[in-house]
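Student: Encoded as structure tokens, here's the structure I'll be asking about.
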Amino acid sequence: MKALLFRRKPARYAAAVVAASVVPGSGARVGPLALEDVDPPELPGPDWVPIKPRLAGICGSDLSTIDGHSSRYFEPIVSFPFVPGHEVVADRAGPDDGAPDGSHRVVLEPVLGCVARGIDPPCGACARGDLGSCERISFGDIEPGLQTGFCCDTGGGWSTAMIAHRSQLHEVPAALSDEAAVMVEPTACAVHAALAAGVESGQTVVVLGSGTLGLLTLAALRRYTDPGTLAAVAKHPEQRRLARELGADVVLEPGEERRVVRRLTNSLAIGDGPITRLTGGADVVVDCVGTEAALADALALARPRGRILLVGMPGRVSVDLTGLWQRELQLVGAYAYGTETLADGTRRRTFDLAFELVEAADLGRLVSATYPLARYRAAIAHAAAAGSRGAVKIAFDLRNERERTR
Amino acid sequence: MPRPGFVLEVDRSTPPILFHHGEGFRLEKLPAGRSRVLYPAEPLPALRDPEGAIRHALANPMGDSEPLSALLFPGMKLTIAFDDISLPLPPMRRPDIRQRVIEQVLDLAAAAGVDDVMLIAALALHRRMTEAELRHAVGDRVYEAFAPHGLLVNHDAEDPDNLAFLGTTDQGEEVEINKRAAESDLIVYVNINLVSMDGGWKSTATGLASYRSLRHHHNVRTMRHSRSFMDRHSSELHHANWRMGKVLRDAGVKVFQIETTMNNDVFGAEGPMSVLQKREWEWSAKDRATFLAMKTGLDRLPMRARRRIFQSWLAPHQMTSVQAGEVEAVHELTTANVYAQHLVPVEGQTDILTMGLPYICPYNVNSIMNPILVMCLGLGYFFNLYKGRPPVREGGVLILSHPTTWEFHPVHHPSYIDFFEQVLSETTDPEVIERDFERSFAEDEWYRHLYRTSYAYHGVHPFYMWYWGSHALAHLGRVIIVGGDVRAVRRLGFQPASTLQDALEMASDVVGRDATITHVHNPPILMADVS
Amino acid sequence: MARASRPTKLTRKLPVNGVPLQALASMAKPSAAALVRRAPFPLRPASIPQGVEPLPPVKRTGADYDTAWARRYPARAARVLLVEGIVRPAMDVLAAPEVRGLDRLGDLEGPVIFAANHHSHVDTPLLLSVVPEPWQHHIVIGAAADYFFGTRVTATLSALVIGAIPIERTRVSRSSADEAAELIDDGWSFLIFPEGGRSPDGWGQPFRGGAAYLSARCSVPVVPIHVAGTDRILPKGKSVPKPTKTTVTFGAPLRPTDGEDSRRFAVRLEAAVAALADESRDDWYTARKRAHAGTTPPLQGPELGAWRRAWAVDDRSPKRRRQRRRWPDLG
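Line order of the protein sequences matches chains X, E and C. For the first sequence, the numbering used here gives the first residue as 251, with consecutive numbering after it. For the second sequence, the numbering used here gives the first residue as 7, with consecutive numbering after it. For the third sequence, the numbering used here gives the first residue as 38, with consecutive numbering after it.
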């Protein structure tokens with residue numbers, strides 16, 4: 251089968267770091283990612299089934315892996331060589347795997363929790379359904395890997411064949427297109443983040459960044475919370491248009507955040523001239539960028555005792571936390587998904603909520619372009635420059651891949 | 007004898023015409039046969055003995071007023087109000103007219119043994135003046151005699167403890183002015199009447215007023231009914247101020263008005279800038295060389311340096327008349343004196359009006375001309391410099407030339423930035439802006455704080471800039487800015503063009519191929535008297 | 038014995054006593070005076086015979102010193118260099134002058150007479166360095182004939198360095214007044230200290246009529262100037278200057294009114310300088326009020342004993358200025 255394989259090659263990894271520091275996304279050219287012919291992964295247990303990816307999205311975390319920006323934090327919870335790709339819509343490929351309604355399409359929930367790892371009894375988090383918080387992430391039947399797409403045993407979505415545990419698969423309703431279905435996994439992240447933000451009714455929420463995750467978080471905040479004002483920072487015109495469509499009340503450009511938040515919240519600013527520090531600020535700031543600058547902005551924009559939610563993957567950053575201390579801010583992370591408690595107290599699987607949102611907000615339109623595996627360099631370059639090229643989500647289209655070897 | 011202003015018909019032999027272009031210039035060839043250029047009059051002669059003229063005016067007041075010396079008595083409360091940094095433009099060389107007048111007023115007050123004197127910069131909602139600017143306006147002697155004791159202050163339109171409500175006009179307009187001024191036995195108001203809009207009751211009723219009072223005439227309705235606000239008798243803005251003046255008078259506020267006019271000698275007869283004041287066909291070899299050197303040099307300098315060069319220019323313009331006494335009588339003569347310098351008779355309206363906007367307007371002295379001010383200068387001030395009818399027909403096109411950079415002075419214009427980013431991105435319709443946004447800006451605590459303690463224009467001031475242009479916005483079919491920052495021009499709701507030729511092509515979509523063109527060669531200031 | 042003999046030897050070797058030294062000098066090089074004395078008549082002036090009335094000596098110094106050369110081009114150029122290159126930098130260090138009221142000269146054209154109070158020798162170079170264009174390098178100074186033009190050396194230096202012309206302090210002499218009037222008519226401006234000399238104790242002295250007379254005669258305005266602080270730099274009787282801050286205040290130009298004689302004009306001039314003094318000590322408006330009320334503190338001190346006069350001087354020294362808060366840089 252054909253697969254984009256990410257091997258442990260320190261020299262190439264170093265080259266990717268250097269290249270990507272000049273042109274984002276160029277890690278695909280010189281880095282350890284390569285298109286190879288490999289054997290399909292073996293099934294590690296009875297509940298594992300083969301699947302054939304149809305579409306597989308390129309996520310921001312994939313890009314930072316390819317460009318060598320990922321934190322070394324991931325080293326012990328990743329196993330090499332792996333096939334990236336965890337936003338996957340696939341066909342069941344097993345002999346007797348047809349769903350009752352005849353559909354074969356599934357969406358992968360990539361987190362490899364206790365159930366997938368064959369650990370019984372499961373850890374407390376998994377028992378509660380909070381898969382993203384699994385405490386056995388590098389134990390059990392399969393090699394370490396926090397998700398499918400970072401584990402050497404499971405294969406990944408950027409290939410023509412992979413395996414999945416039955417518990418990871420969600421049936422795709424027939425009415426949902428492949429494009430919409432591939433958005434379910436990132437949407438689940440956004441739904442989880444929106445519900446983790448703890449937005450109370452009428453509060454002011456600022457979302458930094460209007461990439462895929464930022465736009466989806468906006469949509470999720472609009473659907474599952476009740477903010478008074480929802481402001482989105484968007485750099486590119488297409489992002490601004492989408493942000494407005496997906497529910498932002500105020501769309502602003504980078505550089506305007508402090509001024510806009512000051513006006514929205516009737517805050518004062520310290521000193522005259524360019525605004526550096528607000529006395530008040532937004533109730534909740536959602537950082538969907540994950541850079542040092544974005545975190546510094548978030549710290550400046552949140553009101554005293556406000557909440558900052560990190561949805562974008564931050565990595566190693568250097569920020570001044572004096573404000574966090576003095577203003578008693580909450581700095582909260584939001585990773586993956588599992589089970590959510592809604593405002594009315596009911597508990598639902600995040601993926602179920604994500605399916606609803608994708609359908610309701612027509613999120614399939616966010617898939618801007620698809621590429622065959624062979625053009626993976628162009629695909630990754632496109633994804634790395636998605637905003638400026640007027641795109642949101644880039645995905646690999648595997649529906650027409652020819653199998654050369656079997 | 008200075009030559010009067012005139013209208014030049016452009017033919018094939020007409021040289022390229024000078025367009026001011028912010029901190030730079032353009033030379034533009036206008037189409038022959040259908041273009042004309044309005045040239046301002048040459049500077050009127052200055053008063054030979056300004057000190058003597060002031061003395062004479064104070065001793066021989068106009069209208070129903072006693073000489074100033076007779077109005078002063080020991081133990082009285084005297085307030086001297088004076089025009090702020092927005093006048094004159096550009097700032098004049100020392101000694102400033104205000105200094106000359108105020109020193110003589112104070113000398114009379116000293117002779118009368120007046121102890122309780124306060125000087126107030128009548129800045130309405132403008133930014134406060136800095137120490138250097140106050141020193142320049144009133145002179146070091148006056149500054150040092152009063153400022154250290156807190157007796158030379160900037161008017162504060164947001165100080166609840168220092169505003170006095172004096173009543174409402176017959177049309178329900180509230181009149182609220184500076185309390186110290188209202189409670190004085192005499193207000194002496196020292197004006198510099200650069201253009202015919204300045205002075206009269208507008209001095210006290212606007213310069214010393216609060217937001218509560220100003221909003222009654224600084225709004226879209228008033229501005230759309232002021233045709234133009236440079237012509238008092240056709241200006242709703244002035245009617246409102248005159249109504250307020252009546253309330254002031256009835257409330258016992260006594261104003262001794264001193265108005266001064268100046269000639270339009272803004273670039274001087276000598277020096278590198280003098281070429282800007284000459285007619286193109288009269289440029290000598292030296293003038294041409296100076297102009298080329300200046301233009302080439304400026305084009306190569308960074309914006310900051312250019313701005314510094316232009317903002318440091320002190321104009322040699324001088325006083326041409328001074329009159330004092332009762333407000334309305336004084337203002338009639340003042341207006342006639344202003345018209346003597348500015349009015350240029352023009353026959354008929356044109357299809358396309360072109361203007362080169364200079365580097366300065368009333369609100370960016372020692373500051374940055376931001377896009378909102380470009381709009382205000384072009385569509386507010388220059389467009390309204392007419393008497394009778396606008397020089398451009400209804401539905402015609404206005405072409406401005408200005409770099410229109412997306413730049414704001416963060417200290418002086420904080421609310422402008424928010425207005426530009428957050429209001430104009432939503433709408434450019436003055437009525438919608440007034441309805442949906444004015445209140446939140448006017449009552450914003452932070453803007454109020456900066457206006458009162460820093461050097462910021464009031465939060466509502468950018469709205470007034472937009473209202474100032476609302477008459478023009480309603481009148482014009484299209485506005486095109488030549489050589490402006492594309493994004494900023496679009497944000498203003500106008501169309502960007504890279505050259506005048508392009509702009510004229512774009513204009514032909516609206517007014518046709520053979521449209522007539524009129525270029526206003528301003529500054530030096532001129533006012534079109536359109537018949 | 039040994040003790041006594043040693044000093045004797047020393048005196049012999051060293052020309053300790055005057056006598057051997059003089060002898061030595063006369064032997065080595067005969068003095069010029071001695072040579073002249075020895076020369077015969079045509080080479081030296083004849084002695085005046087007995088019984089003959091000698092002619093009065095032709096004075097080349099004092100009020101008769103001819104300063105025309107100092108107003109020709111080379112001397113003027115040298116003076117510009119001196120003022121710009123030495124006097125002004127020196128004054129900036131020594132006196133750090135704060136100059137006020139220059140704007141009052143804005144409407145003036147042509148020659149003027151500057152009349153200042155006088156505390157110290159520093160006044161002249163200080164004023165030369167702060168008088169504005171177009172007068173700065175076209176100015177002559179009325180200097181006391183007896184003091185500045187006493188010897189040929191001081192006279193030459195005075196004429197060259199400060200452009201002085203000799204004025205007799207005791208009377209308005211025809212010749213010096215004529216010369217001054219001629220100069221004014223030629224377009225030269227004047228700097229005069231009407232007090233006639235430096236203040237001995239910090240208080241002023243009555244203004245004399247010279248400046249007023251010249252003003253009326255040539256119909257040029259008089260600009261009153263008040264100089265404060267120079268008395269602390271170099272008071273009368275001191276020779277080592279002490280750097281101090283000074284204030285120079287220019288007043289509005291005055292012209293004699295119709296029928297005003299120079300004595301009364303001088304009194305008015307003195308009052309104007311007194312008002313300027315008041316203005317520089319207090320503020321302008323307070324000074325104007327006092328001036329109109331006739332309560333301006335006079336320049337001349339109270340008629341008191343010397344110590345009480347000295348005591349009272351301190352009351353008049355300028356008030357300490359309040360330190361200004363720093364102004365924000367507004368770009």
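From the three backbone atoms N, C-alpha and C, an ideal C-beta is built for every residue, glycine too. Remember, predicted model here, so these are calculated numbers, not experimental data.
What are the residues of the segment 315-331 of chain C that lie near chain E, defined by any Cβ-Cβ distance shorter than 9 Å?
Tutor: 316, 319, 320, 321, 322, 323, 324, 325, 326, 327, 328, 329, 330
Student: Classify residue 507 (chain E): buried if its beta carbon has 16 or more other beta carbons within 10 angstroms, exposed otherwise.
Tutor: exposed
Student: Residue 101 (chain E): which of E:322, E:269, E:361 sits nearest, CA to CA?
Tutor: E:322
Student: On the criterion of 16 or more Cβ atoms from any shown chain inside 10 Å, does residue 380 (chain X) qualify as buried, or is it exposed?
Tutor: buried
Student: Counting contacts by CB-CB distance shorter than 9 Å, is residue 486 (chain E) in contact with chain X?
Tutor: no
Student: Residues bridged to residue 45 (chain E) by DSSP?
Tutor: E:12
Student: Please decide whether residue 428 (chain X) counts as near chain E, where near means a Cβ-Cβ distance under 9 Å.
Tutor: The beta carbon of residue 428 (chain X) does not come within 9 Å of any beta carbon belonging to chain E, so the residue lies off that interface.
Student: Can you tell which of E:373, E:228, E:114, E:7 has its C-alpha closest to the C-alpha of residue 523 (chain X)?
Tutor: Minimum Cα distance to residue 523 (chain X) is reached at E:373.
Student: Spell out whether any CB of chain C is found under 9 Å from the CB atom of residue 379 (chain E).
Tutor: no
Student: Got a sec: is the Cβ-Cβ distance from residue 413 (chain E) to anything in chain C below 9 Å?
Tutor: no
Student: Given a limit of 8 Å on CB to CB distance, which residues of the segment 154-178 of chain E reach chain X?
Tutor: Against chain X - using a Cβ distance shorter than 8 Å - the segment 154-178 of chain E contributes no residues.
Student: Is there at least one Cβ from chain C nearer than 9 Å to residue 492 (chain E)'s Cβ?
Tutor: no
Student: If distances are taken between C-alpha atoms only, which option among X:272, X:276, X:384 comes closest to residue 585 (chain X)?
Tutor: Selected option, being the one with the closest Cα: X:384.
Student: Give the DSSP bridge partners of residue 252 (chain X), in chain order.
Tutor: X:287
Student: Quick one: what's got a C-beta closer than 7 Å to residue 502 (chain X)'s C-beta in the same chain, skipping five residues either side?
Tutor: 481, 483, 510
Student: What residue does the beta strand (DSSP E) around residue 394 (chain E) start on, and which one ends it?
Tutor: Per DSSP, residue 394 (chain E) belongs to the beta strand (DSSP E) from 392-394.
Student: On the DSSP bridge list, what partners appear for residue 121 (chain E)?
Tutor: Looking at the DSSP assignment, residue 121 (chain E) forms no beta bridge with any residue, so it has no partner.
Student: Spatial neighbours of residue 320 (chain C) within its chain, please: CB distance less than 7 Å, with the 5 preceding and 5 following residues excluded, ordered by chain position.
Tutor: The beta carbon of residue 320 (chain C) sits closer than 7 Å to no other beta carbon from its chain once the five residues preceding and following it are set aside.
Student: At the 9 Å Cβ level, is residue 522 (chain X) part of the contact set with chain E, yes or no?
Tutor: It does: the Cβ of residue 522 (chain X) has a partner Cβ on chain E nearer than 9 Å.
Student: Any beta carbon from chain C within less than 9 Å of residue 112 (chain E)'s own beta carbon?
Tutor: At least one C-beta of chain C is nearer than 9 Å to the C-beta of residue 112 (chain E).
Student: Residue 128 (chain E) by DSSP, collapsed to three states: which one?
Tutor: strand
Student: Measuring CB to CB, does residue 435 (chain X) end up less than 9 Å from residue 362 (chain X)?
Tutor: no
Student: Ignore the nearest five residues each way along the sequence and tell me which others in residue 354 (chain E)'s own chain have a CB closer than 8 Å to its CB.
Tutor: Within the same chain, residue 354 (chain E) has close Cβ partners 536, 537.
Student: Find the residues of chain X that neighbour residue 416 (chain E), judging by a C-beta separation of less than 9 Å, and give them in chain order.
Tutor: 522, 523, 524, 525
Student: Under 9 Å, Cβ to Cβ, is there at least one residue of chain C near residue 503 (chain E)?
Tutor: no
Student: Alpha helix (DSSP H) containing residue 572 (chain X): first to last residue?
Tutor: It spans 572-576 - the alpha helix (DSSP H) in which residue 572 (chain X) sits, taken as one unbroken run.
Student: Can you find the residues in the same chain that come closer than 8 Å, C-beta to C-beta, to residue 517 (chain X), ignoring five residues on each side of it along the sequence?
Tutor: 511, 528, 529, 530, 531, 553
Student: Do you know whose CA, among E:430, E:48, E:15, lies nearest residue 36 (chain E)'s CA?
Tutor: E:15
Student: Below 8 Å, can you find three or more Cβ-Cβ pairs linking the segment 286-301 of chain X to the segment 259-278 of chain X?
Tutor: no
Student: State the Cα-Cα distance for the pair residue 244 (chain C) and residue 262 (chain C), rounded to the nearest angstrom.
Tutor: Spanning the two alpha carbons is a distance of roughly 13 Å.
Student: Between X:394, X:563, X:614, X:366, which lies nearest to residue 331 (chain X) when the distance is taken from Cα to Cα?
Tutor: X:394
Student: Classify residue 182 (chain E) as buried or exposed, calling it buried when 16 or more other Cβ atoms lie within 10 Å of its own Cβ.
Tutor: buried
Student: Quick one, which residues of the segment 309-321 of chain E are near chain C if we go by CB-CB under 8 Å, in chain order?
Tutor: Residues: none.
Student: Between C:117, C:107, C:75, which lies nearest to residue 193 (chain C) when the distance is taken from Cα to Cα?
Tutor: C:107
Student: Given residue 321 (chain X), which residues of its chain have a CB within under 7 Å of its CB, disregarding the five upstream and five downstream residues?
Tutor: Shown here for residue 321 (chain X): same chain residues with a beta carbon closer than 7 Å to its own, the five before and five after excluded, namely 565, 566 in chain order.
Student: I believe residue 291 (chain X) touches residue 413 (chain X) by the beta-carbon criterion, under 8 Å. Please report the beta-carbon distance rounded to the nearest angstrom.
Tutor: 5 Å
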